[in-house]
């Protein structure tokens, strides 16, 4: 839909996962403010009570009424996933807002012809008469695997609105003004029974995420996806024992036994109430065969090697008639592995307690408990002799190349994009003076959750889901869940060798024992490496010639990486294969950009 006033035009292409939204844009009265949005509210009923409006008022109507009452301050009272814009003709004002964690995207561009905004940066490429250049800073960050800026996009002149911010443009041609409306802080109330409170918060978040259409869930057999799937199943069972089973979408890897999670998934399915949809993922589907399709959808390269598999799950969910797909994404960050507990014990010099905690860390790293302990001793022991002896016994070499993260970036690009300076500025250590260990942990946990890489991941997933006509939702990224988790001390997050103790405690009696007691976590690296080794597209061979990449990539390093991949095979270092992956996707994207006239890029 589209609405036009004398000085503005707003369009809306909503996915219609919520029938109450209709076609949009929205207006409460003639000549009143106009709203266009991508919007899901956690508790619209509570907002309706606050506004003294009927309980069945659609979310867009609630936002417009909230704006009528509180103006641009209304966003502080909205909880959920949203990106929206309100054009107020009476005040000659454009008001844009993005949710607290950046789950919904919003991009903008200013030019001589005015101001434009959209969900996706590429929708703005044809706005104005100026041809945009590729953004060197964004490309440098992508190659180096850094998330230095929450505003940059792949195109110079197009920017993202940061999460938890509002943007106001007062009059055509005015400069946009930005305000942060919320900062993550721990919950102030301290529940006596934290596990019960966390389970209740997760259940409430899951139920809220299921509103608006037929819901399904991604199930991998890990703690996070199993938690979301089981809670969603229980929400459906509230309607009675005859409720429809919950569709769940599961991946198997028949050629990669190390990634087989079937036994864990079977343990969840055995509890009943699920309709499973199985998919097999093979190495050729994890390599470079899907790049054209995925880049067509994303409009830019992305550093997410597992995305081809996720894309297949989205496609399958859409064919099954699911409109809302629940995802356990974010559980690692929100719950936390609790590794700061080890640092707390090291600082106290309690090495016996450190030893008791090493099983969880060892299982995550896929190494031995003794090696983990020796590595901790080699850096944390107060005695220089003990540190040296630990290194010799464990065969631990001190880091020899602190620049490996940026070695693939062309030296000229490092300089012109100010990569080193921007990375240093983005990674300034948090102040710890005068803070207790619990306070240090709280601020570190909060920083991890609002890291720019988090909102970038949501944007990638949002584009992928939208192209399938579905909406991905993330119960772990609920404000109440997060505020409760970051308020907990390190000892509650790792205990007696068990990482993620908060979630294990909360889900006692819900998660099957095999999952509740699971220590490891499957990584997609091996499947992606196998896909590269068995590449049939010829694109890896083409990389060696450079050409398009010469401006951005240190070709000597890339050629060494390609030789290392061929030599080491499945044992190749993770950094090497990830840098090859980024170079390959960048090359294909640059090729697409060269072949498409500017007027066609918006439709790509």
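Numbering (this note's numbering), first residue to last: 2 to 605. In this text, a Cβ means the ideal position worked out from N, Cα and C, and glycines have one as well. These figures come from a predicted structure and were not determined experimentally.
- DSSP places residue 180 inside the beta strand (DSSP E), whose first and last residues are 178 to 181.
- According to DSSP, residue 37 shares a beta bridge with 86.
- Distance between residue 289 and residue 141, taken at the CA atoms: about 21 Å.
- Every unbroken stretch of the alpha helix (DSSP H) spanning 4 or more residues and falling wholly within the stretch 495 to 571 is given here in chain order: 502 to 507, 514 to 517, 526 to 534, 540 to 544 and 556 to 569.
- In the DSSP assignment, residue 388 falls within the alpha helix (DSSP H) that extends over 385 to 395.
- Counting C-beta atoms within 10 angstroms of its own C-beta, residue 53 has fewer than 16 neighbours from the protein chains shown and is therefore classed as exposed.
- Taken atom to atom, the span from the alpha-carbon of residue 429 to that of residue 453 is near 14 Å.
- Leaving aside the five residues that flank residue 549 on each side, the residues in its chain whose CB is nearer than 8 Å to its CB run, in chain order, 588, 591, 592 and 595.
- By the beta-carbon neighbour count (other beta carbons within 10 angstroms, threshold 16), residue 71 is exposed.
- Cβ neighbours of residue 523 within its own chain (closer than 7 Å, five residues either side excluded): 260 and 262.
- The three-state secondary structure of residue 14, taken from DSSP, is coil.
- In its chain, beyond the 5 residues on either side, 36 and 61 have a beta carbon closer than 6 Å to the beta carbon of residue 27.
- DSSP, read as helix, strand or coil, puts residue 377 in helix.
- Residue environment for residue 472: buried (at least 16 other C-beta atoms within 10 angstroms of its C-beta).
- In the displayed model, residue 164 falls within coil according to three-state DSSP, outside both helix and strand.
- Leaving aside the five residues that flank residue 180 on each side, the residues in its chain whose CB is nearer than 6 Å to its CB run, in chain order, 167.
- Rounded to whole angstroms, the gap between the alpha carbons of residue 296 and residue 82 is 25 Å.
- Bounds of the alpha helix (DSSP H) holding residue 459 are 453 to 468.
- In this structure the stretch 117 to 134 does not lie against the stretch 406 to 424, because fewer than three pairs of beta carbons, one per stretch, are closer than 8 Å.
- Secondary structure note for residue 342: it is in no beta strand (DSSP E), and the uninterrupted alpha helix (DSSP H) holding it is 341 to 349.
- With contacts defined by Cβ atoms closer than 8 Å, residue 503 and residue 199 form a contacting pair.
- Between residue 486 and residue 391, the C-beta spacing is not below 8 Å.
- Here residue 211 carries a coil assignment [DSSP, helix/strand/coil].
- Residue 410 sits in a strand when the DSSP states are folded into three classes.
- Between residue 506 and residue 202 the beta-carbon gap is near 13 Å, outside 8 Å, which marks them as no contact.
- Looking from the CA of residue 34, the closest CA among 172, 95 and 432 belongs to 95.
- The residue from 79, 499 and 145 with its alpha-carbon nearest to that of residue 303 is 145.
- Around the beta carbon of residue 245, a 10 Å sphere encloses fewer than 16 other beta carbons of the protein chains shown; the residue is thus reported as exposed.
- Excluding sequence positions up to five before and after residue 541, its CB lies less than 6 Å from no other CB in the same chain.
- With respect to the C-alpha of residue 377, the residue from 367, 395 and 445 having the closest C-alpha is 395.
- Here residue 358 is buried. Its C-beta has 16 or more other C-beta atoms within 10 Å.
- Counted as a single uninterrupted DSSP element, the stretch harbouring residue 75 is not any alpha helix (DSSP H), since DSSP gives it neither H nor E.
- Setting aside the 5 residues that flank it on each side, residue 287 is surrounded in the same chain by 309, 528, 529 and 532, each with a C-beta closer than 6 Å to its C-beta; the list follows chain order.
- Burial is judged here by how many other beta carbons sit within 10 angstroms of a residue's own beta carbon; residue 417 has fewer than 16 and is exposed.
- Assigned with DSSP and collapsed to three states, residue 489 falls in coil, not helix or strand.
- About 6 Å separates the Cβ atoms of residue 520 and residue 361, confirming a contact at the 8 Å cut-off.
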